[in-house]
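Mapping the sequence shown onto my numbering, position 193 (from 1) lands on 227, and the numbers just tick up by one. Accompanying notes for the structure given below.
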Amino acid sequence: MAQQIDGFELERTMQQLNTAGQLGVRADFKPELFDKAIYQKGYRILWEQAMFCSCYRGTSGQPDYNCPSCYGKGYIYFDPKEIRAVVTSINGHKEQINVGLYDMGTAYLTPRSTDNIGFRDRFTFMDFTTKFSEVIVRDSGNQFINTDNLRYKALDMYMVRVLDTVYMRGKDFDLSKDGKQMVWNTNVPSGTMYSVLYSTNPVYVAMGPIHELRGSYSMLKAHGLESFYQFPKQYQIKREDFLTPNE
Ligand SMILES: [Zn+2]
């Protein structure tokens, strides 16, 4: 018999998850149903796993800001994979929030039980856009290159300026095909600082699990055997661009 998944089922299982810490093993918790609900109701997310870059110095807690591998972030990201996950706000834990509009910067993410999320993993929300602004130093590397790297992939560029001077897309500059670089068509002197405002997919990082329950025994009624399954985890996530240098 096909089991119906609806918003109520997801809400019920989310509530189970939120009370799991106090109640211990839940006999009525069905991981397959939960995973199915997450898949059907969850957002499309590009998930990248994180690990320390070897430039990171545990004693000082500082990465090498000139590191050619992590660019001073201290973490390296690998194995991008599209997953589905449900995201809820700090208050309530029940209804999904609109990630693109939720600019407070902190939320909770629940993936399917098979997706083994780790500390500092990165999530790009593919169904949402947000605005991002940064200051870039023109030509900070090789003076013969007419491109500068953007921190995030630009979906659209709204404004590029040096103080009061505005540069026009299609005339003064273009975006690279992958949206990750500014391509200059006009001569902006090396070392010039310019600011950009563009739209991008919001990027969050996992700060830590909020339910430490690692697994649960479930009685298989048909056989009377105990089987071990991984209990779904919830992670606190934070907007990457809102992280303070010490986080
Ligand atoms: Zn590094």
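Note that beta-carbon positions come from the ideal geometry of N, C-alpha and C, so glycine has one too.
Residues bridged to residue i (per DSSP)
i	result
Val-200	Arg-195
Ile-335	What is shown of the chain runs 35 to 281, which leaves residue 335 out entirely.
Arg-154	According to DSSP, Arg-154 bridges with nothing at all.
Leu-231	Ser-167 and Met-193
Leu-209	Met-216
Phe-159	Ile-79
Gln-74	Beta-bridge pairing links Gln-74 to no other residue.
Cβ pair residue i, residue j closer than 8 Å
i	j	result
Ser-167	Leu-231	yes
Leu-209	Ala-188	yes
Gln-270	Gly-242	yes
Pro-114	Glu-82	yes
Thr-158	Leu-80	yes
Lys-205	Asn-219	yes
Ala-141	Val-121	yes
Tyr-109	Cys-87	yes
Distance cut-off 7 Å: residue i Cβ against heavy atoms of ligand 1
i	result
Asp-98	yes
Ser-103	yes
Gly-76	no
Gly-108	yes
8 Å CB neighbourhood of residue i in its chain, flanking five on each side removed
i	result
Asn-100	Gly-106
Thr-163	Gly-134, Leu-189, Ser-233, Thr-234, Asn-235 and Pro-236
Leu-184	Glu-168, Ile-170, Gly-213, Lys-214, Gln-215, Met-216, Val-230 and Tyr-232
Asp-182	Ile-170, Val-171, Arg-172, Asp-173, Ser-174, Gln-215, Met-216 and Trp-218
Glu-281	Met-241 and Lys-272
Chain-order list of residues whose beta-carbon lies under 6 Å from that of residue i (same chain, five-residue window excluded)
i	result
Val-171	Met-227
Asp-149	Ile-117
Ile-39	Model confidence at Ile-39 stands at a pLDDT of 49, short of 50, so the residue's coordinates are unreliable and nothing is read from them.
Gln-96	none
Min CB distance residue i to chain C below 8 Å
i	result
Arg-146	Structure shown: chain C not included; a single protein chain is present.
Residues near residue i in its chain [Cβ-Cβ closer than 7 Å; skip 5 each side]
i	result
Arg-195	Tyr-201, Tyr-228 and Ser-229
Lys-255	Residue placement at Lys-255 is poorly supported in this model, since its pLDDT is 45, which falls under 50; the coordinates are not used for a value here.
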